[in-house]
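Protein chains in written order, with my numbering: chain A, 0 to 266; chain B, 3 to 262.
A short worksheet on the structure shown next.
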Amino acid sequence: MTQVDAPTEARGLECRDLQITLVGAHGPVDILKGVDLSVRAGEFVSILGTSGAGKTTLLRVLAGLQKAAGGTAEFAGKPIQGPPPGVVTVFQDYSHSLLPWRTVRRNVALGIEGKVSTAQRDSQVDEALAMVGLGGSANEYPYRLSGGMQQRVQIARALAMKPSVLLMDEPFGALDAMTKQSLQDQLQQVQALTGMTVVFVTHDVEEAVYLSDRVLVLTGRPAKFGHLIDVRLERPRNQISTKEQPEYLALRHRVYEALGLGDGEHG
Amino acid sequence: MAERLLHRVNPLGIATFVGFLLLWELGVRSGAVGSTYLPPPSRVLVGLKEISASGELWTNLQHTLVSALTGWVGAAVVGVALGMALGLFRPLWTYSMASIEVVRALPIVAFVPVAVLLLGFTSKMEIAIAFIAALWPIVLNTFAGVRAIGPRTVEVGRVLRLSRRDQIWKLRLPAATSHIIVGLRLGLTLALVLTLVSEMVGNPAGLGFALIQKGQALQPEQMFAYLVVVGACGIALNAVLLTAARLAFPGQMAAAGDDA
Numbered sequence: 000m001t002q003v004d005a006p007t008e009a010r011g012l013e014c015r016d017l018q019i020t021l022v023g024a025h026g027p028v029d030i031l032k033g034v035d036l037s038v039r040a041g042e043f044v045s046i047l048g049t050s051g052a053g054k055t056t057l058l059r060v061l062a063g064l065q066k067a068a069g070g071t072a073e074f075a076g077k078p079i080q081g082p083p084p085g086v087v088t089v090f091q092d093y094s095h096s097l098l099p100w101r102t103v104r105r106n107v108a109l110g111i112e113g114k115v116s117t118a119q120r121d122s123q124v125d126e127a128l129a130m131v132g133l134g135g136s137a138n139e140y141p142y143r144l145s146g147g148m149q150q151r152v153q154i155a156r157a158l159a160m161k162p163s164v165l166l167m168d169e170p171f172g173a174l175d176a177m178t179k180q181s182l183q184d185q186l187q188q189v190q191a192l193t194g195m196t197v198v199f200v201t202h203d204v205e206e207a208v209y210l211s212d213r214v215l216v217l218t219g220r221p222a223k224f225g226h227l228i229d230v231r232l233e234r235p236r237n238q239i240s241t242k243e244q245p246e247y248l249a250l251r252h253r254v255y256e257a258l259g260l261g262d263g264e265h266g
Numbered sequence: 003m004a005e006r007l008l009h010r011v012n013p014l015g016i017a018t019f020v021g022f023l024l025l026w027e028l029g030v031r032s033g034a035v036g037s038t039y040l041p042p043p044s045r046v047l048v049g050l051k052e053i054s055a056s057g058e059l060w061t062n063l064q065h066t067l068v069s070a071l072t073g074w075v076g077a078a079v080v081g082v083a084l085g086m087a088l089g090l091f092r093p094l095w096t097y098s099m100a101s102i103e104v105v106r107a108l109p110i111v112a113f114v115p116v117a118v119l120l121l122g123f124t125s126k127m128e129i130a131i132a133f134i135a136a137l138w139p140i141v142l143n144t145f146a147g148v149r150a151i152g153p154r155t156v157e158v159g160r161v162l163r164l165s166r167r168d169q170i171w172k173l174r175l176p177a178a179t180s181h182i183i184v185g186l187r188l189g190l191t192l193a194l195v196l197t198l199v200s201e202m203v204g205n206p207a208g209l210g211f212a213l214i215q216k217g218q219a220l221q222p223e224q225m226f227a228y229l230v231v232v233g234a235c236g237i238a239l240n241a242v243l244l245t246a247a248r249l250a251f252p253g254q255m256a257a258a259g260d261d262a
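Written out as structure tokens, the structure is:
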């Protein structure tokens, strides 16, 4: 971390020695301990870990929805106390996250209405809907849409806010494989277009490698980042050709091993 | 809309009802059932024509509906506001919960003589009774609705940085809509019932008094005709309210699993 990096760092996310304790049925449990994280502006970082490792909890701290028990979490150089401006979270459970009484268009407008002019609101909503390819369903109610489309509505709602950071909590976890792949590619395009920072929580190794600039693996109990794996695959990535590259396969291998799911050999 | 209505018609249910009316008619005519004062449906129809032609039906109907609906509308405004306040401000609930439980546990009929004493044999008394009757279900259902908001919906509001005011108006209130509608429907039924009671024992006017009057005048055809009108009122008011709710809040009603 040199001084030259400062302007970029200033818009990024920083965690130092973060500790998160949740109160369970048997008293307080340390979920995460000694977590250091540094996400540069414009970077796509995946947080990977087995079920219950604390991925979602970490993301909730970055989102300002959960208080840390120790250490620091900062966005743009300021401690995160509530949801910071410019940081928007996309939740896994799209059906609970969308407002069933609002049409797609009005769901997408939720975060910006009253904050910008009507004309500005309409254009931001149209732009966000176009980015996720939902322009044609603007006047539908969410319950009439498929799961994949509902999740795109939630992503569009976040995009309409023109965030500098998008926090995504297993956003494609509840979707079928084909829908998942098409949404991965859409997300890739949107990020290329907007240049926003993405912190992406997933338990899907392939997804993490395919989308990310860096994959961070949470291990242990309480968990911390055991491995940081740089992914230098060429962009834009392609579901078929990228996944055939030896480099992709090698990265995938390393990440599986980092999770402790490998075939026994340690690299 | 017409298609949906048509879809809701239940031929078997209607056949059962018509069959019951036929049995009644046959039973009374053959002398198998009944007394001097049980008229067959055909005679009830004649009674209905009589009270309609004389105009007394419309005067009474109007009187009862105006009283019941005035009380109910007042209860809707006060009840939703009170229910929201109780749901949103914890201390308010803590302080008033015991009082609400006690007052709510009192059968509302018990208020009728009290209201008569305080307000006399007036329409004002009827409206007050309808208001009190409708108030509780509306308050309690609104309160339950405000509390029933999902934790995720609250988080969405925070993440999208909605103001406290917007969180109430754009998330909590709409999320409570289906509960509020249930309260309004229950309240409407109770308002109508208690208005009738207050007319029977208090203000001598409207459908409630007409029922008593026709009974005492030994005019069972007309009495039963009023009974039919009262029943039809309940069904019609409920249908109007539900239709209005479906038109005004299509998303909420569908999301609440509305397939009635």
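From the three backbone atoms N, C-alpha and C, an ideal C-beta is built for every residue, glycine too.
What you are looking at is a predicted structure, and each value in this text was computed from that prediction instead of being measured.
Counted as a single uninterrupted DSSP element, the alpha helix (DSSP H) harbouring residue 199 (chain B) occupies residues 179-203. No residue range can be given for residue 42 (chain A), since it is assigned to no alpha helix (DSSP H) and is classified by DSSP as neither H nor E. Of the candidates A:208, A:146, A:175 and A:226, the residue whose Cα lies closest to the Cα of residue 234 (chain A) is A:208. Close partners of residue 179 (chain B) in chain A (Cβ separation under 9 angstroms): 100. Check the Cα spacing between residue 136 (chain B) and each of B:72, B:160 and B:13: the tightest is with B:72.
In terms of beta-carbon proximity, residue 87 (chain A) lines the interface with chain B, with at least one pair separated by less than 8 angstroms. Think of a sphere of 8 angstroms around the beta carbon of residue 82 (chain B): no beta carbon from chain A falls inside it, the nearest being about 16 angstroms out. Counting along the chain, no alpha helix (DSSP H) covers residue 69 (chain A); the unbroken beta strand (DSSP E) around it starts and ends at 69-74.
Residue A:12 holds the alpha-carbon nearest to the alpha-carbon of residue 39 (chain A) among A:12, A:20 and A:16. Nearest Cα to residue 16 (chain A) within the set A:73, A:232, A:184 and A:252: A:73. Within the segment 129-166 of chain B, complete alpha helix (DSSP H) segments of at least 4 residues are found at 153-161, given in chain order. When rounded, the separation of the alpha-carbon atoms in residue 90 (chain B) and residue 149 (chain B) is 8 angstroms. Taking one beta carbon from each stretch, the segment 174-188 of chain B and the segment 214-224 of chain B have fewer than 3 pairs nearer than 8 angstroms; the two do not touch. Closest by C-alpha distance to residue 10 (chain A), out of A:34, A:42, A:33 and A:30, is A:42.
Using a Cβ-Cβ cut-off of 8 angstroms, residue 203 (chain B) does not count as an interface residue toward chain A, since no Cβ of chain A sits closer than that to its own. Look at the segment 149-168 of chain B: the residues with a C-beta under 9 angstroms from a C-beta of chain A are 152, 153, 154, 155, 157, 158, 159, 160, 161, 162, 163, 164, 165 and 168.
Near chain A, meaning a CB-to-CB distance below 9 angstroms, the residues of the segment 238-255 of chain B are 251, 252, 253, 254 and 255. Closest by C-alpha distance to residue 106 (chain B), out of B:86, B:24, B:78 and B:139, is B:139. Taking 3 residues as the minimum length, the beta strand (DSSP E) runs contained wholly in the segment 50-132 of chain A are 69-74 and 86-89, in order along the chain.
Under the three-state reduction of DSSP, residue 33 (chain A) is assigned to strand.
Close CB contacts of residue 222 (chain A) within its chain, under the 6 angstroms cut and outside five residues either way in sequence, are with 31, 52 and 53 (chain order). If you draw a straight line from the Cα of residue 115 (chain B) to the Cα of residue 121 (chain B), it comes to about 10 angstroms. Taking a contact to require three or more Cβ pairs closer than 8 angstroms, the segment 249-262 of chain A and the segment 11-25 of chain B do not qualify as touching. At a beta-carbon threshold of 7 angstroms, the residues of chain A lying near residue 257 (chain B) are 99, 100 and 142, ordered along the chain. Remark: C-beta atoms of residue 253 (chain B) and residue 101 (chain A) approach each other more closely than 8 angstroms. For residue 255 (chain B), the enclosing alpha helix (DSSP H) has its first and last residue at 252-257. If you check each beta-carbon in the segment 49-83 of chain A against every beta-carbon of chain B, the ones closer than 8 angstroms belong to 62, 63, 64, 81 and 82.
Interface criterion met: the Cβ of residue 172 (chain B) is under 8 angstroms from a Cβ in chain A.
A straight-line Cα-Cα distance of about 16 angstroms links residue 124 (chain B) and residue 193 (chain B). With fewer than three CB-CB distances shorter than 8 angstroms, the segment 197-210 of chain B does not count as touching the segment 121-134 of chain A. By the rule that beta-carbons nearer than 8 angstroms mark a contact, residue 176 (chain B) touches chain A. Chain order gives no chain B residues near residue 136 (chain A), where near means a beta carbon separation below 9 angstroms; the closest approach is about 14 angstroms. Listed by position along chain B, the residues whose Cβ is nearer than 7 angstroms to that of residue 96 (chain A) are 154 and 158. Three or more Cβ pairs closer than 8 angstroms define a contact, and the segment 103-114 of chain A meets that threshold against the segment 157-171 of chain B. Contact residues of the segment 142-162 of chain A toward chain B are 142, 156 and 160 (C-beta to C-beta distance below 8 angstroms). Between residue 89 (chain A) and residue 149 (chain A), the CB-CB gap reaches or exceeds 8 angstroms.
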